[in-house]
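Worksheet: the structure to be examined is printed underneath.
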Amino acid sequence: MLDITRLLEDIKASPHEEIVIRAPHTGVVAFESCRPGDMVSGVSGEWKERPGTLLATLTRERNPKPVTAMQSGELRELHTELEGKFVEAGTPLAVVRHFLSREEVISMLLKHALHLFTAPERAKYYFTPAVDIKIKTGGSRSVTVHHGMELLIMSRMKRETPVYYTGPGGIIYTVYFKHNQNVDAGAPLLGVCPESQLAVVEELVLRVQTEWKERA
Amino acid sequence: MDIEKRAQHLTDRLSYIRDIFVGRNGEIIDSLGVRLDSFFQNLADGSMKSPLEELVQLEKGFDEVERLLDSSLTPMEKVRIVRHPQRFCLRDILENVYDNFTEIGGQDEHSIDPSMVIARATITRHQGKKKYSQLIMVIGQEKGHGEEFRNGGSVKPWGNAKARHFMQVAETENIPIHTYVFTPGSFPVEDYPGAAQQIASNLYEMAGLSVPIISVISEGGSGGAEAIALADRRLMFSHGYYSVISPEGAAAIEGRLKGGARATPELIAHCAERLHMTAQDNLNFGYVDRIVQEPCLGARPFHYDFFRTLRQEVIRATDEAVLGARGFSPMRRLTLRRWGRDDTNMDEVFLSWNLSDSAREKLVAKRQKKFLRLSKGACWDRRPVLSRLRRNARESWDSLYARVKFELYTRHRQRISNFMNETLSMAVWLRDRMLYPITRKPVGPRLRPETVRELTTLSTWKEEDESRKGRWAYVSPRAREDRTVTCPNAATHGCLDLWAPDLYGEFAGVCTTCGHHFPMEYQWVVNNVFDADSVREFNAEVEAANPLNFPGLGESIQKAKEKTKLKSACVTFEARLNGIRMIVAMLVGPFRGGSVGAAEGLKFVEAAKLAEKKRYPFLAYVHGTAGIRIQEGTHGVIQMPRCTVAVRRYIEAGGLYLVLYDTNSYAGPVASFLGCSPYQFAMRSSNLGFAGVGVIKETTGIDVPPHYHSAYKALSRGHIQGVWDRREVRANLEQLLLTAGGRNLYYR
């Protein structure tokens, strides 16, 4: 049984991730103008095409390489004592404290609470007709699944193969795939929640939605 | 009621004047406003003795002020005029100039692209009691009076494709085409068929369309305008503009603005003036044939006299094009001279617009020659007269020699040889068949022992390296630097850092992990692709100039000349590839971004002509091009149709026109003489397209994904025919020379 209060308290006690930024290879470090306490931005843009805040430049063989923040947050540490020095690969250069957003917290908690059924192959996935009708009329949570149930159709190059559900029984809480889109092998297709825990999971999500305070 | 309507009309006129003269002539306009306000006040309280007389006086006052203001219009104010929602649009022309019309290819928003309107129209002419109805295909951009779905006349690629389709319909039906240009520029997306690719296709089509084309320009924004403006007669409205770029775009470039920053109104106005974009400027340059006079401050839908004038002008222009193609008999010459007068009512004379096959050929030839003649004085042609004469004589001799050798001798020899080979082959086959019962030898081709061995044993590895003995003929100077270089794909492909001497030397600028091609100098291709010591440059004396005296251009061209030791961004030379002679026109990136102006256009045209004369393949190697050189204004943009005409003449003469894109190629050249080639190839990691990412974002508001302009994207949408590895260019080119091309190549 899930202990919602304990889970939430654990996350609230440390509502962030500490990301250590290390030197990707050897080289001489030159830090930029950022200082500890500054807010930095991570990779952004619709296609993650904009790099994050430039933290330092690592030069090896007269080849300067930018070291940027991968996620947004507060710059906690900056090892300025390494300024101008030669460092080994993997040497910590900075620490960024990334504050978890509401969605990140929910997805973290759901990973604990749900059983994730993953894609066996890269292919397009569809529900079997009987399940599909149920989902269309009553939503995904109206479908109860059990081990060995014929649940999905895997379609690849016009070859259609039935996919049988494996795992604990329960209701489909989340559907991760979209119609007519390829899903990579190993990517989650469904999040299944045991019936007995449905109320608990819903409460969990509700509490995060209402109680979680996001920091920029 | 009539008075109120007329007074309301004056209010519209006043608001129009205010919109045009932003920050100028405030006093005169305000006094006009005061008079109008007092008229309305008096009308409301009934204190006017004769409202009609007062109104007439007021209207006269408006006319007078408009006349006064019109005499001092600046180019930027003309730009505001053509963009104003009150300006007449194509729909007004269709209703007022033509006697009848049917819109085809869509209606209003129910169209594949509502900004491109196509209509079948008729013009009825009288002679005595006789009536003659003449058919026309009308094609043009439609801005609409504030209709959002028209996209301001900015045509999407599929809109231009629609225009091209109906041009072909007109050609099939042998009817003239009237095109009306009302566009600030093309919608610069690369979705199929792609903005550049489609404009190039339209230009190529129009360069050889065998029906009269009359083009009338109101707002002629760069490539978007050219997509329908390669015409036999080009007219321009007196208050229109025709330019290589919008003044705002030019100001953004001049001001080096980035990230959506806006240029100041003063800089925009300055650029509008320096670009020489008005009708009078373009008439002086020879890029339009005639100006259609508009009423003061530009025509609006209520100027019915203007539409009458326009009707006369388009009929006259069509008649002139038709007569020019038919040839001038003394009677036609006399008639044309009289018809050229403004007082002739073109509705009262009749000339059939149907052309015979020979007249259609002549029409196309005249159009092509007309464009080839343009912009010759816009660059420095410093070829000495004597050497030019010598070269002309040599080229004429080459041409004559090629004609005699290939058309008389080779062709007949080929025919005889083909006939003999066929006959011999049949005779052998018949003999074998007939002797089979006696000899019992298998009928069929007999393979030589070495062929059998070649086909039945493992092939030997023939390395390309063997021919060059493991060394490149040219190595980039960057290979002398002791440093490492990071591949841009390192994060996604895990590429290791590369040592510069390796990368720019042995690896030919190619990442050994992912195959990314780093940009290399143009000398790399010149020295490593063509046979050693086979390159012979010609027309090197043609120099880029500053024909509009654009501030700063002269100095920057001088700097580019000193930096690159070249005189223009286009280098033309004759070269050999494994013994096959060819003509190459190369656009060099480091010279002003490889931009094309009058000098580059002239050299390109001359190169195409020489390739045609000598019957050599013609390669356009684009090391890099940023587009048309905007500081040359219409001298630059006219190179789009001009060079396309040269290319079309060359291809139709039976040549092989190849384009190879290296590094980055954008805008006008890609949307015309490069994009129209049937054989286009790109080096891996090159980018090509119509407009850059920033321009797309600014003009359309669309965020484009990374690698939007990559060669592979261009390959996927069918713009290019293949992506090549730099190290294999020589082999690929040779293969192509032997397998593609027209009938007139000497080595076939």
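Chains as they are written, first to last, in the working numbering: chain S, 257 to 472; chain L, 6 to 753.
Just so you know, even glycine gets a beta-carbon here, dropped at the ideal spot from N, CA and C.
In this structure, the alpha-carbon of G303 of chain L lies about 42 Å from that of R722 of chain L. Taking 8 Å as the Cβ-Cβ cut-off, the stretch 311 to 339 of chain S approaches chain L at R316, E317, R318, N319, K321, given in chain order. The beta carbon of V461 of chain S sits closer than 7 Å to the beta carbons of I362 from its chain, once the five residues preceding and following it are set aside; these are given in chain order. Beta-bridge analysis with DSSP links K390 of chain S to no other residue. Residue-level contact by beta carbon fails for P482 of chain L and chain S, as no gap is shorter than 7 Å. Secondary structure in the stretch 279 to 332 of chain L: the beta strand (DSSP E) runs of 3 residues or longer, each lying completely within the stretch, are 295 to 297 in chain order. The criterion of a C-beta distance shorter than 7 Å is not satisfied by V601 of chain L and P506 of chain L. For L314 of chain S, DSSP records a beta bridge to S:V285, S:K321.
Contact check between the stretch 689 to 699 of chain L and the stretch 722 to 740 of chain L: three or more CB pairs, one atom from each, fall below 8 Å, which counts as touching. Residues of the stretch 298 to 309 of chain S that bring their beta carbon within less than 7 Å of a beta carbon in chain L comprise E302, W303, E305, in sequence order. In terms of beta-carbon proximity, T705 of chain L stays away from the interface with chain S, with every pair separated by 7 Å or more. Under the three-state reduction of DSSP output, A205 of chain L falls in the helix class.
Straight through space, the alpha carbons of S300 of chain S and I296 of chain L are spaced by roughly 52 Å.
P444 of chain S is bridged by DSSP to S:T374. Secondary structure of F187 of chain L (DSSP, three-state): strand.
For V515 of chain L, no chain S residue has a C-beta closer than 9 Å to its own C-beta; the minimum C-beta separation is roughly 18 Å.
Within the model, the alpha-carbon separation for V700 of chain L versus I562 of chain L is close to 24 Å. Within a 10 Å sphere around the beta-carbon of D104 of chain L sit fewer than 16 other beta-carbons, which makes this residue exposed. Every alpha helix (DSSP H) of 4 residues or more that sits fully in the stretch 10 to 75 of chain L is shown, in chain order, as 31 to 50, 56 to 75.
Restricted to the stretch 669 to 723 of chain L, the alpha helix (DSSP H) segments that are unbroken, complete and at least 4 residues in length are 672 to 675, 698 to 705, 716 to 721, listed in chain order. Excluding sequence positions up to five before and after I320 of chain L, its CB lies within less than 6 Å of the CB of M351, all in the same chain and listed in chain order.
The beta carbon of R488 of chain L falls within 7 Å of a beta carbon belonging to chain S, placing the residue at that interface. Under the DSSP assignment, A124 of chain L falls in the beta strand (DSSP E) whose first and last residues are 121 to 132. Taking 7 Å as the Cβ-Cβ cut-off, the stretch 177 to 189 of chain L has no residue approaching chain S. For D708 of chain L, the residues of chain S that pass the 7 Å Cβ criterion are E302, in the order they occur in the chain. F311 of chain L counts as buried, since no fewer than 16 other beta carbons sit within 10 angstroms of its beta carbon. Cβ atoms of Q203 of chain L and A166 of chain L come within 8 Å of each other, at about 5 Å. Of the candidates S:P376, S:L334, S:D440, S:M413, the residue whose Cα lies closest to the Cα of Y420 of chain S is S:P376.
Remark: C-beta atoms of F373 of chain S and L263 of chain S do not approach each other more closely than 7 Å. Sorting L:P454, L:D437, L:R453 by C-alpha distance to the C-alpha of K446 of chain L places L:D437 at the top. In this structure, A284 of chain L sits near S243 of chain L, with a CB-CB distance shorter than 7 Å. H522 of chain L and M645 of chain L have their C-alpha atoms some 29 Å from each other. Y406 of chain L has no beta-bridge partner at all, per DSSP. Within the same chain, and ignoring the five residues on either side of V490 of chain L in sequence, the residues whose Cβ sits closer than 6 Å to its Cβ are L503, A505, L508. If the five residues before and after F383 of chain S are omitted, its C-beta is found closer than 8 Å to the C-beta atoms of I391, L407, L408, I409, all from its own chain and listed in chain order. No residue range can be given for Y751 of chain L, since it is assigned to no beta strand (DSSP E) and is classified by DSSP as neither H nor E.
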